[in-house]
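Here the numbering used here = 1-based position in the sequence shown + 1.
Notes for the one structure printed next.
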Amino acid sequence: MRTMENLIRLGRQQLDSKRRMLSGLEGLRVDLEKRVSALEVEITTEQAAAQGETSFAYDSYAKEAIHRRETLAKSVSEIAAQIAAAREEVAEAYREMKKFEIMEERRQQQVRVARLRREQAELDEIGGQAHHRARNAP
2 MRTMENLIRL GRQQLDSKRR MLSGLEGLRV DLEKRVSALE VEITTEQAAA
52 QGETSFAYDS YAKEAIHRRE TLAKSVSEIA AQIAAAREEV AEAYREMKKF
102 EIMEERRQQQ VRVARLRREQ AELDEIGGQA HHRARNAP
């Protein structure tokens, strides 16, 4: 009984921990996506400026920007894979916790049924005794 409660509590703690980890990864993904957007805006701005007289420096900037874009895209891809794995871990932790909760609910139901049967047996005994007394009354 107490063991099952401990397993449920442990399962909830693990689930909460995995949810926090997933939330952190999703926050990181959002941050990376913002950085990608900012880079795209920066590239557009630099392309517009390069059409003027400072186009000689644009080549080195473009190479560096392409490298940064590739690095960010790789990071976003890696985070997406980690998020998928973390979501599966959360789902598994939830299934485990739910399994223990269902087992505990069934155990409690069995305890209730046993208690009701005992109470009914006691009431049947009281009723039988009352019937016996009424029958044997002078």
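By construction, the Cβ of each residue, glycine as well, lies at the ideal position given by its N, Cα and C atoms.
Let's see if you can read the secondary structure: which residues bound the alpha helix (DSSP H) around residue i?
i, result
"Ala92", "Tyr59 to Arg136"
"Gln14", "Arg3 to Ala51"
Among residues of its own chain, excluding the 5 on either side of residue i, which ones have a beta-carbon nearer than 7 Å to its beta-carbon?
i, result
"Leu29", "Ile80"
Relative to the alpha-carbon of residue i, which residue among the options has its alpha-carbon at the smallest distance?
i, options, result
"Arg3", "Tyr95, Ser24, Thr46 and Glu105", "Glu105"
"Ile84", "Leu23, Tyr62, His133 and Ile44", "Leu23"
"Leu26", "Ala82, Thr45, Val37 and Ile67", "Ala82"
"Met5", "Arg36, Phe101 and His68", "Phe101"
Say yes only if the C-beta of residue i is nearer than 8 Å to one or more non-hydrogen atoms of the ligand GTP, and no if none qualify.
i, result
"Ile44", "As far as ligands go, the structure on display features none, and thus does not contain the ligand GTP."
Suppose the cutoff is 6 Å on Cβ atoms and the five residues either side in sequence are ignored; what does the same chain contact list for residue i look like?
i, result
"Glu97", "Gly12"
Who are the near neighbours of residue i in its chain, counting only those whose CB is closer than 8 Å to its CB and skipping five residues on each side?
i, result
"Leu33", "Leu73, Ser76, Val77 and Ile80"
"Leu40", "Ala66, Arg69, Arg70 and Leu73"
Exercise. Counting pairs of Cβ atoms below 8 Å between the segment 101-117 and the segment 15-26, do you hit three or more?
Worked result: no
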